[in-house]
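Structure first, then comments.
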Amino acid sequence: MRLSEILKPKNIKIPVVSTIKTEAIGELVNLLASTGDLPDPQKVLEAVLEREQTRTTGIGNGLAIPHGKAPGLSGLVMAIGKPAKPIEFKSIDGKP
Numbered sequence: 043m044r045l046s047e048i049l050k051p052k053n054i055k056i057p058v059v060s061t062i063k064t065e066a067i068g069e070l071v072n073l074l075a076s077t078g079d080l081p082d083p084q085k086v087l088e089a090v091l092e093r094e095q096t097r098t099t100g101i102g103n104g105l106a107i108p109h110g111k112a113p114g115l116s117g118l119v120m121a122i123g124k125p126a127k128p129i130e131f132k133s134i135d136g137k138p
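Residue numbering for the sequence shown follows my numbering, starting at 43 and increasing by one per position.
Next up, the structure:
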């Protein structure tokens with residue numbers, strides 16, 4: 043599988059307006075829902091936020107990869123966003 047098969051240009055958001063982690067994640071889930079890639083956005087949001095509570099997805103250098111598993115998806119879907127301002131993700135390097 044190639045990244046170009048998963049990430050569609052319509053699922054890229056620049057800038058992400060939210061400055062709070064949970065809201066930024068919601069913004070990207072809503073983007074996927076608006077493009078028709080999610081059958082149940084609420085379940086996806088819950089899955090991603092639940093995963094985020096177990097351990098941060100902030101991997102350092104200003105990068106976070108929030109993700110989760112949700113029922114009803116036929117495959118992998120992806121959205122990418124760049125926030126207007128850094129968002130605190132409790133990254134392993136301690137930087138937003």
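Think of the CB as a built atom: it goes at the ideal place given N, C-alpha and C, for glycine as much as any other residue.
Residue i - partner residues in DSSP beta bridges
| i | result |
| --- | --- |
| V90 | BP columns for V90 are empty, so no partner. |
Candidates the options, of which the one nearest residue i by Cα
| i | options | result |
| --- | --- | --- |
| K50 | K132, T77, E65, I62 | T77 |
| I134 | P57, R97, I54 | R97 |
| P125 | E88, E69, R44 | E69 |
| Q95 | M43, T64, K85 | T64 |
| K111 | E130, Q84, N53 | Q84 |
Residue i, DSSP secondary structure in three states
| i | result |
| --- | --- |
| A126 | coil |
| V58 | strand |
| I101 | strand |
| A66 | helix |
Cβ neighbour criterion (16 or more within 10 Å) applied to residue i
| i | result |
| --- | --- |
| A66 | buried |
Between the CA atoms of residue j and residue i - distance to the nearest angstrom
| i | j | result |
| --- | --- | --- |
| E47 | K55 | 18 Å |
| G136 | P128 | 12 Å |
| I57 | I107 | Note on residue identity: the sequence assigns Pro, not Ile, to residue 57. Using only the alpha carbons, I get a separation of about 16 Å. |
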